[in-house]
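Take a look at the structure set out below.
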Amino acid sequence: MDDHVKAKTKEVAALYFKGVTEEKPVDLWRAFDPELGKQLSLFITGRLYGREKISHSTRQLVTVAVLTVLGRTDELRLHILAALNVGCTPREISEVIFQTFTYAGIPTVNIALKVLRGVLEEKGMWPIADG
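Here the sequence shown is numbered in my numbering, starting from 13 and rising by one per residue.
In structure tokens form, the structure reads like this:
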């Protein structure tokens, strides 16, 4: 096992999922298959999300956009939290969600905005300040 990948996985997971209390995907995977869960985590978090080709904030905004378009609200919630953890502002996140309108439609945008609002309410960040 590559020690660098292990270290990068721990570093990125700690950054993205700081304060996240709900079940993370890796916990679900490991509940069914501990070794496969570990390997998926090392690849996804350590090798993919750990790449330094784009910033963590850019990576999370892209992820929010994709999850919005796909309508994957559980994962969207997790990645909105991760986006906030890596320095994305609520305004940036909402703008990315609005950007998906022409590709995903208003109902999908509305659902994603409700997820965002729920996260922001829980974190005491709602309503979004003007700016």
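Cβ atoms here follow ideal geometry from the backbone N, Cα and C, with glycine treated the same way. Quick caveat, the model's predicted, so the values are computed rather than measured.
Exercise. Take the Cβ of ARG71 as the centre, count every other Cβ of all protein chains shown within 10 Å, and call the residue buried at 16 or more, exposed below.
Key: The residue labelled residue 71 in the question sits at position 59 within the sequence shown. Buried, because 16 or more other Cβ atoms sit within 10 Å of the Cβ of ARG71.
Quiz item: Candidates ARG103, THR33, THR21 and ILE123: which alpha carbon is nearest THR57's?
Solution: Numbered from its first residue, the sequence shown carries residue 57 at position 45. Closest by alpha carbon: THR21.
Quiz item: Since THR112 and VAL98 are thought to touch, with beta carbons under 8 Å apart, how far apart are those beta carbons, to the nearest angstrom?
Solution: As a working mapping, residue 112 is identified with position 100 in the sequence shown. As a working mapping, residue 98 is identified with position 86 in the sequence shown. Their Cβ separation, rounded to whole angstroms, is 20 Å, which puts THR112 and VAL98 out of contact at 8 Å.
Quiz prompt | For ASP14 and ARG89, the rounded distance between their alpha carbons | solution = Taking the sequence shown and counting its residues from 1, the one referred to as residue 89 is at position 77. Taking the sequence shown and counting its residues from 1, the one referred to as residue 14 is at position 2. The alpha-carbon atoms of ARG89 and ASP14 are separated by roughly 31 Å.
Self-check item: Cβ-Cβ distance between LEU54 and LYS30 below 8 Å
Solution: Position 42 of the sequence shown holds residue 54. Position 18 of the sequence shown holds residue 30. Not closer than 8 Å, so no.
Exercise. To the nearest angstrom, report how far apart GLU34 and LEU40 are at their CA atoms.
Key: Residue mapping note: residue 34 aligns to position 22 of the sequence shown, counting from 1. Residue mapping note: residue 40 aligns to position 28 of the sequence shown, counting from 1. Roughly 11 Å between the two C-alpha positions.
Practice problem: Assuming ILE92 contacts VAL127 (C-beta within less than 8 Å), just tell me the rounded distance between them. | Solution: Working through the sequence shown from its first residue, we reach residue 92 at position 80. Working through the sequence shown from its first residue, we reach residue 127 at position 115. So it is a contact: roughly 7 Å between Cβ atoms.
Self-check item: Under the three-state DSSP convention, the category ALA141 falls into
Solution: Residue mapping note: residue 141 aligns to position 129 of the sequence shown, counting from 1. Three-state result, ALA141: coil.
Self-check item: Sub-8 Å separation of VAL108 and VAL76 beta-carbons
Solution: Taking the first residue of the sequence shown as position 1, residue 108 is located at position 96. Taking the first residue of the sequence shown as position 1, residue 76 is located at position 64. Yes. Within cutoff.
Quiz item: Exposed or buried, LEU96, counting other C-beta atoms within 10 Å across all chains shown (16 or more means buried)?
Solution: The count along the sequence shown starts at 1 and reaches residue 96 at position 84. Buried, by the Cβ-count rule.
Quiz item: Does any heavy atom of the ligand NAD sit closer than 7 Å to the C-beta of PRO119?
Solution: Ligands displayed in this structure: none; no statement on the ligand NAD is therefore possible.
Self-check item: Exposure of HIS68, with buried meaning 16 or more beta-carbon neighbours within 10 Å
Solution: The count along the sequence shown starts at 1 and reaches residue 68 at position 56. Counting Cβ neighbours within 10 Å, HIS68 comes out buried, since at least 16 surround it.
Quiz prompt | Endpoints, the alpha helix (DSSP H) within which GLU23 is located | solution = Stepping through the sequence shown from its first residue, residue 23 is reached at position 11. Unbroken alpha helix (DSSP H) run through GLU23: 15-28.
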